[in-house]
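Each residue of the sequence shown is one higher than the last, beginning at 0 in numbering that gives the first Met the number 0.
Below is one structure, written out as structure tokens; comments come after it.
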Amino acid sequence: MQLIKAIIRPNKVDEVREALEKMGVSGMTVTEVRGHGKQKGHTAVYRGKEYAVSLLPKMSIETVVADSVVDMAIKAIATAARTGEIGDGRVFVTPVAYSYKIRTGERES
Numbered sequence: 000m001q002l003i004k005a006i007i008r009p010n011k012v013d014e015v016r017e018a019l020e021k022m023g024v025s026g027m028t029v030t031e032v033r034g035h036g037k038q039k040g041h042t043a044v045y046r047g048k049e050y051a052v053s054l055l056p057k058m059s060i061e062t063v064v065a066d067s068v069v070d071m072a073i074k075a076i077a078t079a080a081r082t083g084e085i086g087d088g089r090v091f092v093t094p095v096a097y098s099y100k101i102r103t104g105e106r107e108s
């Protein structure tokens, strides 16, 4: 099993979710996050005063998939989230040794 964590633009969450559902990925966690990469933020004007926005709103999607579908899941995420502009995001993959179902205590590997 592999944990896939994708940091993407907020407006791309539904497209990514639909792409993963089409390939049979059923469970995921979606979290609002803030951060920056090469963008380094931007300047904005609020009530006539300019200020720097260094942490931009992003969304984090986490899902655990079987080793056999990791590459397909990454491709689905990248295709659905891509705009071609700086700030499209990043995908991280981490191995998962095993997990436990809280309700039953059953261990899955």
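We put the CB at the ideal spot given by N, CA and C, even for glycine.
Model, not experiment: these values are computed from the prediction.
Which listed residue (the options) has its alpha carbon closest to that of residue i
i   : options                : result
K37 : S98, R89 and K48       : R89
D70 : L54, G83, Y97 and V24  : V24
V29 : V63, A51 and G47       : V63
H35 : A51, K21, K100 and Y45 : A51
G26 : V32, L2 and T103       : L2
A96 : R102, S108 and G104    : S108
Buried versus exposed, by CB contacts within 10 Å (16 or more), residue i
i   : result
A72 : buried
L19 : buried
Same chain, Cβ closer than 8 Å to residue i, neighbours up to 5 away in sequence not counted
i   : result
V15 : A5, I7, I60, A75, I76, A79 and A80
Pair within 8 Å by beta-carbon distance, residue i and residue j
i   : j   : result
P9  : M58 : yes
M0  : D66 : yes
P56 : E31 : yes
Own chain, CB closer than 6 Å to residue i, minus 5 neighbours either side, in chain order
i   : result
F91 : K4
Y99 : R106
Same chain, Cβ closer than 7 Å to residue i, five either side skipped, listed in chain order
i   : result
K11 : A79 and A80
Boundaries (first-last residue) of the alpha helix (DSSP H) holding residue i
i  : result
A5 : Unbroken run through A5 is the beta strand (DSSP E), Q1 to I7; no alpha helix (DSSP H).
Limits of the beta strand (DSSP E) - the one that residue i falls within
i   : result
I60 : L55 to V64
T93 : G88 to P94
E31 : T28 to G34
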